[in-house]
Amino acid sequence: MATTAKIEVQNGNLLQSVQAFLHMLMDDGGVAGLLTPLHMGPGVVMPALVTEPERLKQADPLAPAFPLNAARIAAKLTRGGSPGGTLAAVLRPCEMRAFTELVKLNQGNLEDLAIVSLDCLGAYTNADYRTFAAGREPREASNQWAGQLLAGRSPDPADLPLAKACRACEHPVATGADITLGLIGMRGAGHLLVKAHTPRGEALLAKLRLPDTADPTARKDALAELVAGRTAFRDEMFEKTRAATASMPQLADYLAACVGCYNCRAACPVCYCRECVFLTDVFDHKPWQYLGWAKGKSALRMPTDTVLFHLTRLAHMSLSCVGCGQCSNACPNDVPVMELFRTVAARTQEAFAYEPGRSPDEPIPLSVFQAKEFAEITGGRD
Amino acid sequence: MPATEHTQPAPDQSAAVAAMPDFEPTIVAFVCNWCTYTAADLAGTARMVQSPNVRLVRMMCTGMVDPKYVLKALLSGADAVLVSGCHPGDCHYINGNYKARRRIKLLKEILTGFGVDERRLKLTWVGASEGNEFAETVNHMVAEVRELGPSDARTMMAI
Amino acid sequence: MKTTYAALVVGAGVAGIRAALDLAETGQKVALVDRKPHLGGLLTQLDYQFPTNACGMCKMLPLTERDSSSQFCMRKGLFHKNIDMFLSTELTGLDGDPGQFTAFLRQGSSFVDPTKCIGCGACSAVCPVRVPSEFNAGLTERAAVHLPVPHNIPNSYVVDLDHCIRCWRCHETCPTEAIDFQFNRRATFHTLLASAEPGLAESAAEWIKDLLFPFAAETAPEAALEQIAQDEHLAMLLLDLDLPGLEPERFLARALELKPELVVVLLAGPQHAELAGKLKAAGARLVLDKPLKPKAAVPVLDKTFLRAASEKRLELSVAAVVLATGFDTYTPCPESFGADTLGYKVLPGVVTSVEFERMLSGSGPGRDRLTRPGDGKPVRRVAWLQCVGSRDLGKGVGYCSSICCMISIKEALLARQMLKDENGEPAAATIFSMDMRTFGRDYQRYRDSAEEEAGVRFVKSRIHTAMPSPDDPGALRLRYMDESGELKEEDTDLLVLAVGARPPKDLPALARAAQVELNEHGFLRTRHFDPSRTTRLGVFAAGSAGAPRDIAESLIAAGAAAMEASRLINIYAPLKEKVAEPEPEYRDVGREAPKVLVALCTSCPVLESAVDMEALIARLQSQPAVIAVARIDAGCTAPGWEKIAELAREKRPNRILLGACMPYAYVPKLRELGAALGLNPAFMDVADVYTPAMTAAREENPDRTALGREVFATLNMALARLVRADTLRQRSAAPVYRQALVVGGGLAGMTAAVGIADHGYPVTIVESEEALGGAAMRLRTTLEGRDPQRYMADLVEQVEKHPNITVRTDSRVVLSMGKAGAFSTVVYGRDGVATLEHGTTILATGGREAKVYDYGFRVHPATLTQVELEQRLASGELDAGALGSVAMIQCWRSREEGRNYCSRICCAGALKNLHTLLRKNPGIKVFVFYRDIMSYGFMEQFYTEARRLGAIFIRYDLENRPQVAFDNGKPRITARDPVLGEDIQISPDILVLSTGVEPNDVEELAEQFGVPLTEDGFYREAEPKWRPVDFLKYGVFMAGLARAPGNMGEHVASAKAAAERALRILSGERLDAGNVVAEVRHSLCSLCGRCIDVCPYGARRMDLDEDRIEVDAILCQGCGSCTAVCPNSAAVLKGFDDAQVMGSIDAALEELA
Amino acid sequence: MRTESNHPTTLVPPLHGEGRGPHAVDPLDEVRDLVRACMQCGTCTASCPNAASMDLTPRQMWRSLLFGFTDEVLRSKTFWMCSACYTCTLRCPRGLQLTRAMAALKRLAAQHGPGAARRKGIFYQAFIDNVHKYGRVQEMDLMFHYFMAMRDPLLPLRFTPVGMKLLAKGKLHAPDGRHKGVLDDLFTRVRELEGNP
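Next up, the structure:
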């Protein structure tokens, strides 16, 4: 049974309440270091590891900015030894889920990090966020934006759509986090919902001595409505992507703009390889090989191995894909990578009844097997 | 070769078939060293008629068939890929074939999404003594893929 | 010429191979002989083995120094540098003493020179003879010149002289002149006739002329002897036993003294039958009946000549001999249709189990044979009948063959799996038996799952008649009586006779030659507590030589025999400290740009005719790294190799690719070539271009273009791999602590310890009890009347006095770390804490008689276990004379869920006690309630005897258990007699429960050593058939009752087998890994550890100090699971790295089909 | 340990226990010895052409014998139905002399069995003696000796009508010595084979 508490919202200033909560975590919760998005300068929000609560004034977990998936950073903070003090991180649900995947891959450690997650309202692409934030007090902008969104109004400026990944995301709440801050469906309640989901979360919450409350019924409906909308968008996206990649030549066309920069994989939170195999000597081809291939195909598209790269990456990580969209965000040539990966991931994850980030105890499908399964693969013969 | 009637042409059966009336498929077979490679050898030495369309790539175990090998073969012009190893319970390396089965399952999910006919990627269990089984598997697969026509990845400029 | 080997192994079936490999792996040179022209024994014919229902023979191959046996499939052959094979060879004599035997062998000729035979099959095609093929159990036919086993490598044809009609067509047809009928030798094969019969000399001269043998005749014995002495080419003597003045025995002795190789043919009338037999034993070769009929005599004489002229006699000096003679399968005699009502060879649907396996086999007569032999309709029903030729006193077989029940279950499962109709519905499978003897450890579960999961039907009955079905002429009508006595009839499509094991036909002759005794059943007589010992010291029994056994037990017996042989070798002819052969000096070419020499073997015309060689060579020459392409004549012969070496010296390539046939066979040669050229064999390869060519050569209109592409692709792929072959790295080797730890000081532990210690290696025994001995100490007698107490007392004394054995009683293992060659184990006990460094570990932790807690075991003194009864009878505490009746209940709380295994010893225990009781007091009534009497093997005779003595056996099943109640402490048992179909009630004086055995609780110990247990708590072996005493974790072995239930002799055998496996590790200073092992590219590794999770051998671990993943090259077996799970190829399998595999894919697709 | 009693075991069928008590000296022990090694496989029963007419199957009879149900065995008509075709002996996987055991039962039943059994024994003996003597069945002589042995003066009268009918159809033959003694060798051989020359 999750412990449910509340934190008051003064004058509709959501961000202030969130900041106050984070402050409490550091002051009363004994958190020595808190990773949270922070305004670095005009139009730039980046995660920062805060040790001095004063710095939290710049913290802005509400900002519709998502320059990178912080799962990798959380992994770095927890891997290979104790950090030497209690750490907490404010992660978006997709960051939380990616981090869980990384923990399974021995890249991070859940033991040493308390995770706080806000209801995710989504974010703009990097370029759009710069447009959004241009000439405004950034915290004010975030606050207004979130307030309007939660009130069911189009946020200002209305003509900027959120990133597609966010619009297709059916995980606005990170249920696996230690503590979640509920924003959605809280209109008129005058407070944010603070919930602990784990023993560690409860212990932490207990220290903060926040008043208890109950889940408002409106929240459930609001979440369902939000998810329904996003799911519809997602399914439409799947449909379009499938149609655009219905054959291998179509897939090649879809990926035609790929220059082999591997930014997508660098931005991907679950592509955990220290160095991608496509950057190693395995793909250092000899000159005569190129000519050989070209002869076989009459014309060889350069650079080579781009389709192979994306297909291999699908094989490697589609099962762990959390759909955060950083790949598309990172692509210099606007290849719709996220759409492709989410579409394929939906299939592969369903095939193995696997949901990335659902639980750290759920093994990655390709690391395990059973003697009797998938008989259809070999025509029912075993 | 006489044209074969199809009530429902397979999705990737394009104009290429018409352009290549004498189409002969090329199949890359990743076979495990212990069972299927031995069976293939037996099929050969026992003079079982075996299609010349198959290129055997010897692996130590089906459990080591990296997805990128299968993808590479398909992108480089193979019309189909066969992965074949020991029967369940008989893997020389205890359980490599089970791992392979999951990997092929994953690849099938990915590839069929891109219109690759499921018959172009096959996993079979062929024991060391089953030379006939191997010959049959291969011959059947060649016939099947001949029906399907050439892989449309052949015509792609991109790898 | 006398060749020296450490050991001679007779019989190259799996047991012989296991014994030979065990010895070879410890560095001993072994001669392996078989009377057949192929190795593999019976298992060449059987593709599927219980309980895995698969083959798996390759799991016998060496785990370390894997490259010393250059092969992958054991069924194709055996290639080990320490093993020399002699096929078609028989042991004819064994002189000398243990440790210094001289073995005499006669090697028959196949008449085909294997170095010339290219296996094209032209000979077989022209041979006019057709006889049933032994390989396919008579289901197909073969020519007189044939391939004995189609999948052997190297596989050359063999002339079966017995069936040859001497038309010589094969000789004329052979393209490589490989078939030699000794035409040149005839002119010097002088033949002498010693006969005074008028006219015989003239007529004989006439027909012997046809044979081209120079001929002479003498009419007096002395003159004949003189001729023998004088004519140096005299090779054959035709001796007429009617020759006046002949003293046959003296004459023969003298003649053979003059010419030991002389072929003496006796011409004998019917009155000489006895004498002829005697003379034959004295060295005469052949008897021809008088009057001579040239038509019959000429072919016989000619074949005698051919054999004499072609065979070789060998003399080996060996320290020990292992006999692995196996068994023949019983052939239901077709002539005795009256007695054999099953219609074998009369009704087409009646087959033996061997024939059925051939029908199922991929290398068998073909899937179409899986139709009803009568009318070709699909087989939808199969029935098995057990005990055909076993347990049949009427046929003179008093023993149980031990294996047929499990074979039938396996076949039934295979039938369910393979014989499916169009809807996927499997064929019905029914096994008719009196007892299902599933006495192996996990076999009861196998049987249960066959029944419950696979739907095999088991019927307690003996079918007595099969006849054509009146309703369906292609089917068989079976008549049998079910247990209730009701006569039933049902139809089946196939009736499989589960034929038993018989001693090999030639075993008596072999036993005479080896001077060992046979037992009353015709198998080798072995010692009760020591089944690997025969009646002659230095000659050991492996496999089924002493009794029919299944594969796992045969291999255990083979390991035990190898251990005994090794001990003897070590005593009499100690092997010099095994020095690792110096690795040849290779030049470092890894960093050079690849330069490949391609050599194409063109000795065989097939390739030339099938492909356009010029185009092929041109195509190869244009490949980037190729510096030269050459044609080599006879690449497989010495001149061929010399030519390659010469070319290599001239062109200085750093890679060599040979396009030839049979790549396996070339591996040892590549090693030699490498040493000669200073080029590591890792930079050489052989591609099989011959098989596709051969296939195409048989087609009507082979597509030369397609074939050319295929051959080119094959070579190109090998080339791609070779060009990318990696820089040479030193092979890993790990030092070995040459000491052993044995956990458990019972029968098995002590036996294993003595075996190892006798080889000079220190052994520590850790025993948790106060004294050595374990469970066997409780036994007082055996079924055969031996004295286990004395055996145990001797063994304990031997252990305690052994200078190399340290015993720690009252001690336990508290911690163990390490791996094969280097374990470190902490032992805590009476003597404090000690840390032991050892190279290998044997777990022999034993077990105990299971306890019973119900039916008044504790309350009523009239209830006993079998062991308690045995002890009380032995001590006199219980007086058999005072007993009126005894009841025994078998399978007490076992063979059902909870403890679902057969304890294997309780039926023997019951029979033993029953015999003791009835011997002491024949008036006792003994009632035995049983489910299946597991009196396997020769124990069956005691079962028969028990019934003869008057014991009454009443069968029960789980639904109808005997009910026990007590009246004033006296048991009252109510049970249903299935034969009478009535309830009976008895009130015996005592009730004896066969509670079975259970293993000691070793969960903690198993965890400490990282080894698994079965669900019943026994140790789980690496593989149930092929690695029966190994754990998957190499370096730890198991023995005794903790491995599986068994009798003392069986535990001694498993202990010795385990000791032999352990010796393999201790026998060298270092353990060498194979070439194909995994590595880590640390700079790429992200330490996700998935490779550790997927490694089946525990060869990978996270090194926390170095913060990186390490591979133990000794444990790694090269499966590559790690490479596939690693997303960025930081895990690499040597010889199969990404570049090589992707290169081969490119090469494969360079020219599309 | 000394158990409370050393008297023979009671094996009491609770359903109908009458007459199955222990026998002090069991006349059937000699037959029992012939079949002790029986493993109840039932091949004898399944092979027996007359099994359908038997009240106990051969297998049940051997079993009853071994259990010590002497009276029940002697009362059974099973062994009388044995026509000595030797199929069971030929097929028995234990190599048991079952036909001999059947014959022994006939003999013992004639001595120790209930009256009915003795009468059957008399017919059987008369039949075999007749065949031995004439080399074939000599109906008139068989009848004569059987009636004599039965010592029942009324018995021949009861058979007179059927005898007349048979005679009329030529089924009864007058004594004829042509085959006399031809079976002597056979009978000697059988006795040898059965181990009682």
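Protein chains in written order, with the working numbering: chain V, 2 to 383; chain C, 290 to 448; chain B, 13 to 1165; chain Z, 737 to 933. Each residue gets a CB set at the ideal place from its N, CA and C atoms; glycine is no exception.
Neighbourhood of residue i by C-beta distance below 7 Å, restricted to the same chain and skipping five residues each side
i	result
residue 447 of chain C	none
residue 1182 of chain B	It is not possible to answer for residue 1182 of chain B, since the shown part of chain B is limited to 13 through 1165.
residue 17 of chain V	11
Inter-residue Cα distance where the pair is residue i and residue j
i	j	result
residue 1114 of chain B	residue 921 of chain B	50 Å
residue 394 of chain B	residue 487 of chain B	10 Å
residue 661 of chain B	residue 611 of chain B	14 Å
residue 432 of chain C	residue 383 of chain B	26 Å
residue 242 of chain B	residue 337 of chain B	42 Å
residue 925 of chain Z	residue 570 of chain B	51 Å
residue 757 of chain Z	residue 804 of chain Z	At residue 757 of chain Z, the pLDDT of 40 sits below 50, so the modelled position is not reliable; the number obtained from the coordinates is stated separately. Taking the straight line from one Cα to the other gives about 8 Å.
residue 349 of chain B	residue 391 of chain C	Bear in mind that the predicted position of residue 349 of chain B carries a pLDDT of just 45, short of 50, making it unreliable; the figure below should be weighed with that in mind. Straight-line Cα distance between these residues: approximately 55 Å.
residue 375 of chain V	residue 359 of chain C	19 Å
residue 204 of chain V	residue 452 of chain B	56 Å
residue 759 of chain Z	residue 799 of chain Z	Model confidence at residue 759 of chain Z stands at a pLDDT of 41, short of 50, so the residue's coordinates are unreliable; what they give is reported in the following sentence. Answer to the nearest angstrom: the Cα atoms are 17 Å apart.
Residues of its chain near residue i, where Cβ-Cβ distance is below 6 Å and the 5 sequence neighbours each way are ignored
i	result
residue 365 of chain V	105
residue 552 of chain B	334, 544, 573, 576, 577
Whole-number beta carbon distance between residue j and residue i, since they are thought to touch under 8 Å
i	j	result
residue 28 of chain B	residue 1035 of chain B	About 19 Å; that fails the 8 Å criterion.
residue 278 of chain V	residue 321 of chain V	Contact doesn't hold; Cβ gap of about 17 Å is too wide.
residue 857 of chain B	residue 1014 of chain B	5 Å
residue 1009 of chain B	residue 915 of chain B	5 Å
residue 778 of chain B	residue 820 of chain B	5 Å
residue 44 of chain V	residue 131 of chain V	4 Å
residue 29 of chain V	residue 116 of chain V	Actually they are not in contact, since the Cβ atoms of residue 29 of chain V and residue 116 of chain V sit about 18 Å apart, beyond 8 Å.
Best match in the options for proximity to residue i [C-alpha to C-alpha]
i	options	result
residue 614 of chain B	B:645, B:584, B:406, B:602	B:645
residue 119 of chain V	V:91, V:53, V:131	V:91
residue 137 of chain B	B:180, B:98, B:328	B:180
residue 636 of chain B	V:139, V:290, V:255	V:290
residue 509 of chain B	B:538, B:455, B:443	B:443
residue 221 of chain B	B:265, B:268, B:297, B:311	B:311
How about the stretch 467-483 of chain B and the stretch 1073-1084 of chain B: do they share at least three Cβ pairs that are nearer than 8 Å?
-> no
Taking three-plus beta-carbon pairs below 8 Å as touching, is the stretch 438-450 of chain B in contact with the stretch 938-948 of chain B?
-> yes
Quick one: any contact between the stretch 698-715 of chain B and the stretch 359-378 of chain C, if contact means 3 or more CB pairs under 8 Å?
-> no
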